[in-house]
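2 protein chains.
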Amino acid sequence: MNKLAVVKIGGNVIEEPQALSMFLKDFSQMQGPKILVHGGGKKATAMAQQLGIPVQMVDGRRITDAQNLDIITMLYGGKINKNIVARLQALECNAMGLSGADANAIQAIKRPIGTIDYGYVGDVTEVNTSFFQLLIDHGVTPVCCAITHDRKGQLLNTNADTIAATVAVALSKHFQVSLWYCFEKQGVLEDIEDDHSVIENINPKKYALLKATHAIHSGMIPKMDNCFEALKKGVSKVKIGAPPMILGKTKHTTLTLADE
Amino acid sequence: MNKLAVVKIGGNVIEEPQALSMFLKDFSQMQGPKILVHGGGKKATAMAQQLGIPVQMVDGRRITDAQNLDIITMLYGGKINKNIVARLQALECNAMGLSGADANAIQAIKRPIGTIDYGYVGDVTEVNTSFFQLLIDHGVTPVCCAITHDRKGQLLNTNADTIAATVAVALSKHFQVSLWYCFEKQGVLEDIEDDHSVIENINPKKYALLKATHAIHSGMIPKMDNCFEALKKGVSKVKIGAPPMILGKTKHTTLTLADE
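These protein sequence lines are chains A and B, in that order. Numbering follows numbering that gives the first Met the number 0, in which position 43 of the first sequence is assigned residue number 42; successive positions increment by one, without gaps. Numbering follows numbering that gives the first Met the number 0, in which position 44 of the second sequence is assigned residue number 43; successive positions increment by one, without gaps.
Structure (structure tokens):
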């Protein structure tokens, strides 16, 4: 089975021009087939403010009304995605931007209204693996923004972490997939105050122990639960750390289902 | 040689939601391989005003500074392109959005500064025909926005008419290409005041005559010169008219190099 890397970059890599430049250079040098998934960080909120459009948050989660969906589509699907693609092209990486609507790459359903109406938010239902495979087979690097569609004409805002995990799981039928979450820390830390306390390997047993002893910051738990879920569904390893880890430049955390 | 239709839609089809809906329905029903090229009409100017960004025009042509390029990238590459793609997907047309940067589809150079500095405006230098062919061979309908790149990391604003003509010419090596310009009139008119005076066929001889007798509105001349140029470079026919012409619903003008 061929290898495939699915790399997700988050808020601060997108927000800081120098961090983005460094990441794109590293990413372009990463060997083998790869997919990039990006969110948009706080830029959407800033733009909504500039346009005088109210941003409604419930429990720290954005409510995506029609106007905010437009902003997300303009920023994530337009400005951020196209600039990343153009810059990767300049670095000899044959990048191609995608929303979930493009070639029906990632289909979703609008989240049903429960106690909260999240608005135009999508939960992924299907990944068009043959289309991703076609691109990869032809040396193209897909660059996915965090937008899906319902195949009824509606675009939907979708969490970029989830898109990365879902695409990685779907493609693990055809590839040996590694899933890389780049963020501002060097990895999962033993001590949140000490950036050098990176836990290099975590398996389910170690994870259970870390949770039992409250050694992991509570904010990491849902994220790590999703990572182990992806591993159970076929992803071969998950990496969490700062962007330079993708070239093996920095220590980072590797999550696997391995017994040892 | 297989047939291929390259269809360009302009300002008012993009600007009027109902006109766009009608067009997309017709376009989705157009048989055979096809490519859609769209501009963004006056929406970019409206958005610049909303954001308080000055729009500089010289001789009726927009100067594209960095801020206006961002707006164009957000609107044409993001909001307009992704919404068209999602709506075509709902109509069972397997659309995929592209800027020129995506998979290096359309490369350009920044227009050299002459008497006027147009800013970030691109003149097309190369079309990645093998990539278009790959998509078409797999039943994908490319939807191109009017943005190119210089392959040095810079996006460039490019005239949508020119993109349509250049893509049509480049692909005429592999396909029998028809090039369709949809606009607000039924075609080239004998009498600008009379919408029914459509000239159905124009060849170079007839065109010379129409120009000599001043029977064509002067605004049409550069557009038609470009059409005949595309025909000379390999496009098999050019169609000018209102959007429903693409399904043969309305009279329109056909330009060819035919002697009769």
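The beta-carbon is built from N, C-alpha and C at its ideal position, and this holds for glycine as well. It should be emphasised that the depicted structure is a prediction, and the values quoted were computed from it without experimental measurement.
In terms of Cβ geometry, GLN153/A and MET0/A do not form a close pair [threshold 7 Å]. Scanning LYS2/B, ALA18/B, LEU3/B, VAL5/B for the CA closest to the CA of GLU183/B turns up ALA18/B.
For PHE22/A, the closest of THR147/A, ARG86/A, THR212/A by C-alpha to C-alpha distance is ARG86/A. By the Cβ rule, the region 117–129 of chain A counts as touching the region 153–171 of chain A, because three or more pairs are nearer than 8 Å.
A direct Cα-to-Cα measurement between ALA100/A and HIS148/A gives close to 5 Å.
Runs of the beta strand (DSSP E) spanning 3 or more residues and lying entirely within the region 161–229 of chain A occur at 175–181, in chain order.
Chain B has a Cβ within less than 7 Å of the Cβ of ARG86/A. Under the DSSP assignment, ASN156/B falls outside any alpha helix (DSSP H), being part of the beta strand (DSSP E) whose first and last residues are 154–156. If you draw a 10 Å sphere on the C-beta of LYS33/A, you find 16 or more other C-beta atoms in it, and that means buried.
Neighbours of GLN49/A in chain B, taken as residues at a C-beta separation under 8 Å, are given in chain order as LEU50. For MET95/A, the enclosing beta strand (DSSP E) starts and ends at 94–97. In chain order, MET73, LEU74, GLY77, LYS78 make up the part of chain A whose C-beta sits under 8 Å from the C-beta of MET73/B.
Residue pairing from DSSP leaves ASP116/A without any beta-bridge partner.
THR128/A: member of the alpha helix (DSSP H) spanning 128–136, first to last residue.
At the C-beta level, ILE198/A and THR253/A stay beyond 7 Å of one another. Spatial neighbours of SER196/A in its own chain (CB-CB distance under 8 Å, excluding positions within 5 residues in sequence) are listed in chain order as LEU188, GLU189, ASP190. For LEU19/B, not one C-beta of chain A is nearer than 7 Å to its own C-beta. At a C-beta separation below 7 Å, MET56/A has no neighbours in chain B, since its nearest C-beta there lies roughly 23 Å away. At a cut-off of 7 Å, the C-beta of GLY38/B has no neighbouring C-beta in chain A. Residue pairing for PRO141/B: DSSP places it in a beta bridge opposite MET95/B. DSSP places THR147/A in the uninterrupted beta strand (DSSP E) bounded by 146–148. Going by DSSP, ALA4/A is part of the beta strand (DSSP E) stretching over 2–8.
Contact between the region 124–139 of chain A and the region 47–64 of chain A is not established, with fewer than three Cβ pairs separated by less than 8 Å.
With 16 or more other Cβ atoms inside 10 Å of its own Cβ, LYS81/A counts as buried.
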